[in-house]
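Visitor: Would you mind keeping the following structure in view while I ask a few things?
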C-alpha cells in the first residue's frame, strides 16, 4: 500500500489531529436546524456515541451565528462551520468557536473575499477545508468543455490552494466530491498526486438514500483509503447522520484500518444449513453493539467453512443440526443447543480479558 | 482502467456468456432447503425479479440429487451445483442439468477424484468454478507458515487450475474468497496477474449481516471491478439472497458498469434544508423501483449544490422553502409545492421516451 496519508501535513481540528498518518477521522454533518441549539447538541451527542469525531454545522445566514457560537461552546466534538455564498459568515464563525471552516471555491466569491477568510482563520489559528463540489463548481469551470468533471474539480482545488499558499496560509484540508463514484475516484487520485502535502477529506456527495448511498460511499471512500489516500471521511446519506457515522466506521473496519466493535464474520447460509443462522447472527450483531472490544467473532452455518473460520476467530461457532460447536482461540470448548448459541458466544467474549482499549472515547 | 476482464476467456453458463468482456453477471445462492423444490423455484423466481442471473444450489448429499434435477429442469436461470466433500455429487449433478459445477479444492479429495469431476463436466459440456475459500483450505496450505493467507488461496487455485489444464479442461471460473477485505483484494489481484486468461468470480465470503456485509462486499468487489478485475460477482450476506442481488446491482450501478433502475442522486440534507428531504427522496426511491429506465434523477435540498446537480440529471428537483424547482434535461420546467414534488418527478420520468431498454430480462 502506497500510504499517501502518512505523508500529508498534520493539522489540528480542536483537540484532534488530522493527516500525517493520524487515524482516519470519522465526521458527519448535522441535519437539525442550526438555530435550534438543543436539537443540535442532542444530535452531536448521539453522533459522538456512534464514534463520530468531527461535526459540521451549516451557517445559512447571519441569523444563525449566535446559535452557532453556543453550539461550539457546548459541543463535546470539534465543530466545523459550513459556509456558502457569504464569506462574512466564515469570518464571523472563526471568532465564534469554529474548530475549522469549510468553504466552497465555487460560491465564496473572488480572491479578495477569500483573503478575508484566510486572514480570519489565521488570526483564530484554525484550518480551512477547501471543499470543491461537482454540484457547485464556479461557472468558468462548469462551462469548460475541454476538461472532464474530475479535471474541473481538481483545477478548482489547485487554483484555490495556490492562492492560499501565496498568502502564506497552508492549514488546509481539501476535498473534490462528485455524486459519481468513477469521477470522484479520478479526482482524488489526481489531487493526491498533484498536492501530496495536503490532508484529504473523502466523500461521495449526494450519494443517495440508504442502500445505494452506502454502496457508493463504501466503494468510493473505501477504494481510496485502500490505496492509502485520505485522512478523514464523511459518508453522505439521505438518512440520519447517525447512519453516516455507522457506515463510516464500517468502512474503516472492513479495511482493517480502525475497529470500534467486535468484527463479525458470518456466512450467508444456504441449503446446507440446519439452524436459523440469520436469526442467530442478527442477534449476535445486536448484542455486539454494546461490546467495545476489537475482537473477531465468527458465526458459521455448516461444516464447509465453519470450523475453519471459527478456529481463526477469537470466538466462534460452527453449527450443525440444531446445535453449535463453540470455539475460542482456535479450539473447540463445548457444544451447545441452538437456543444457547448466542449466550454462549457472548459469555466467551465477555471472558476475554483483552487489555486493548478502543478508540475513540 | 486496466480491463483485465476484457482479456479473459469467454465461457458459457447455460444461455449466459461470462468473461471476455461480457457484462459482469450478478449471482446468488439459494438458502431454501434443496429438497423443497417449490421453495427453491419460488426463491429463484424472486431472485430473477431482482436481476439475479445465475443461481447456485447446494447439494449436501445424494438425497438431494432428485430435487436438484427438478430444480434445474424448471429454473428460468442457469443453476450451479455447489458440491463439497463428495466428488460423486458433482459427477451426478453434471448429468442432471447443472449449468456449472462449483467445487472446492480444499475438500473435494485428491486429483483422481478431481479427474472424475473434470471428465463428467467435459462430457456434459459445462464449466467448473474452482472456488477456493479461506475457511476451507486444504490442510497442507492451512499449515504453511511461510505463506500469507492471500498467497495460500492463490497457490491452491493455481495448483488445481494447472491440473485441470494438464487434463485438457479449461472451461474454468476461479474464485479466492476470504472474510477479510484486504486479504481478498490481495488474492484476486495476484490471481488476475498469474492467470489472466480465466474469468474470475468475485466475492467476500462470510461478509456478515446486512450493513457490515454490504460495506465489506461493496469495497472488496467494487475495488476489484474498478481495477478491471472480475467477470461475475456474488455478494454474500447473512440475510435474504434477494438482498444479495440488490447489493450486487448497486455495486455495478455505482461503478457505472451496468444499470437496472434509475440512478438517484440525493443530498444528505443539513441545517440549510427547508423541506422534508429524507421523506421525499425515500418516496422517490421506492417509486423508482418500478421504473426500468437507466436515467439519472436528482433530489436536492437547497441552493448550494441543488441547481447544479438537478441540471446535470435527466430529471431533478432543487428544493427551496416548502417548494421545489423541477428540472428536465438541464432546464427548469416549473416550480411545485413540496407535496407535489414526488408526483411531478415521476410524471417527468414517465414522459422520457427513452429508446434504451434495460438488461437483463
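Chains as they are written, first to last, in the numbering used here: chain W, 184 to 544; chain G, 184 to 544.
Glycine included, every Cβ here is placed at the ideal spot set by N, Cα and C.
1. Give the DSSP bridge partners of residue 237/W, in chain order.
2. For residue 349/G, count the other beta carbons within 10 Å of its own beta carbon; 16 or more makes it buried, fewer makes it exposed. Which is it?
3. Roughly how many whole angstroms lie between the Cα atoms of residue 524/W and residue 462/W?
4. Secondary structure at residue 444/W, three-state DSSP: helix, strand or coil?
5. Measuring alpha carbon to alpha carbon, tell me which residue in 434/G, 404/G, 489/G is nearest residue 456/G.
6. So which residues on chain C does residue 240/G lean against when the C-beta distance must stay under 9 Å?
7. Mind pulling the chain G residues with CB within less than 7 Å of residue 413/W?
8. Can you tell me where the alpha helix (DSSP H) with residue 465/W in it begins and where it stops?
9. Quick one: which unbroken alpha helix (DSSP H) runs of 4-plus residues sit fully inside the stretch 251-301 of chain W? Chain order, please.
10. With distances taken between CB atoms, is the gap from residue 353/W to residue 394/G smaller than 8 Å?
11. Mind listing the chain G neighbours of residue 267/W? Cutoff is C-beta to C-beta under 7 Å, in chain order.
12. Using DSSP bridges, identify the partner residues of residue 435/W.
13. On a CA-only basis, which of 356/G, 245/G, 297/G is nearest residue 283/G? Give me that one, please.
14. Note down, in chain order, every chain W residue with its Cβ under 8 Å from the Cβ of residue 389/G.
15. Based on DSSP bridge pairs, tell me the residues matched to residue 384/W.
16. Rounded to a whole number of angstroms, what is the C-alpha to C-alpha distance between residue 522/G and residue 211/W?
17. Would residue 216/W and residue 203/W be called neighbours here (beta carbons separated by less than 8 Å)?
18. Could you list which residues in chain W have their beta carbon closer than 9 Å to that of residue 258/G, in chain order?
19. Residues of chain G with a CB under 7 Å from the CB of residue 316/W: which are they?
20. Give the range of the alpha helix (DSSP H) segment to which residue 352/W is assigned.
21. Pull up the CB-CB distance for residue 419/W and residue 396/W, whole angstroms please, since I reckon it's below 8 Å.
22. In whole angstroms, give me the CA-to-CA distance for residue 340/G and residue 228/W.
23. Select from 497/W, 317/W, 243/W, 233/W the residue whose C-alpha is nearest the C-alpha of residue 424/W.
24. Hey, out of 447/W, 369/W, 453/W, whose CA is closest to residue 412/W's CA?
25. Considering only the beta carbon of each residue, do residue 385/G and residue 375/G sit closer than 8 Å?
26. Would you kindly check if the distance between the Cβ of residue 496/G and the Cβ of residue 230/G is under 8 Å?
27. Could you name the residues of the same chain whose beta carbon sits closer than 8 Å to that of residue 184/G, not counting the 5 residues immediately before and after it, in chain order?
28. Taking only beta carbons into account, state which residues of the stretch 506-538 of chain G come closer than 8 Å to chain W, listed in chain order.
29. Pull up the CB-CB distance for residue 241/W and residue 265/W, whole angstroms please, since I reckon it's below 8 Å.
30. Taking the alpha carbon of residue 188/W as the reference point, which residue from 486/W, 372/W, 485/W, 494/W has its own alpha carbon closest?
31. Counting along the chain, where does the alpha helix (DSSP H) carrying residue 558/W start and finish?
32. Should the stretch 469-476 of chain W be called in touch with the stretch 503-519 of chain W, which here means at least 3 C-beta pairs below 8 Å?
33. Quick check on the burial criterion: 16 or more other C-beta atoms within 10 angstroms. Buried or exposed for residue 417/W?
34. Is residue 460/W closer than 8 Å to residue 484/W when the C-beta atoms are compared?
35. From this set, 431/W, 367/W, 377/W, which residue's C-alpha is nearest residue 403/W's C-alpha?
36. Look at the alpha carbon of residue 326/G and the alpha carbon of residue 493/G, and state the distance between them as a whole number of angstroms.
Guide: On the basis of the coordinates in this document:
1. Residue 237/W is bridged to 210/W.
2. exposed
3. 11 Å
4. coil
5. 489/G
6. Looking for chain C here will not work: the only protein chains present are W and G.
7. What residue 413/W touches in chain G, judged by beta-carbon distance under 7 Å, is nothing: the nearest beta carbon there is about 13 Å away.
8. 460-471
9. 270-277
10. No.
11. 487
12. Bridge partners of residue 435/W according to DSSP: none are assigned.
13. 356/G
14. 448, 449, 450, 451, 481, 483, 488, 492
15. Listed as beta-bridge partners of residue 384/W by DSSP are 415/W.
16. So the two alpha carbons sit approximately 28 Å from each other.
17. Taking a C-beta distance under 8 Å as the contact criterion, residue 216/W and residue 203/W do not qualify as a contact pair.
18. Going along chain W, no residue has its Cβ under 9 Å from residue 258/G, so there is no contact; the nearest lies around 14 Å.
19. 488
20. Premise fails: residue 352/W is in no alpha helix (DSSP H) and is neither H nor E.
21. 7 Å
22. 49 Å
23. Closest by alpha carbon: 233/W.
24. 369/W
25. No, the pair does not count as a contact, with Cβ atoms beyond the cut-off.
26. Their beta carbons are not under 8 Å apart, which means residue 230/G does not touch residue 496/G by this criterion.
27. In this predicted model, residue 184/G has a pLDDT of only 47, less than 50, meaning its place in the structure is not dependable enough to derive any value.
28. none
29. That pair is a contact at about 5 Å.
30. Checked all of 486/W, 372/W, 485/W, 494/W; the closest Cα to residue 188/W is 372/W.
31. This structure does not reach residue 558/W, given that chain W is present from 184 up to 544, and the question cannot be answered.
32. no
33. In summary, residue 417/W is buried, with 16 or more beta-carbon neighbours lying within 10 Å of its beta-carbon over all protein chains present.
34. yes
35. 367/W
36. If you take the alpha carbons of residue 326/G and residue 493/G, they lie about 57 Å apart.
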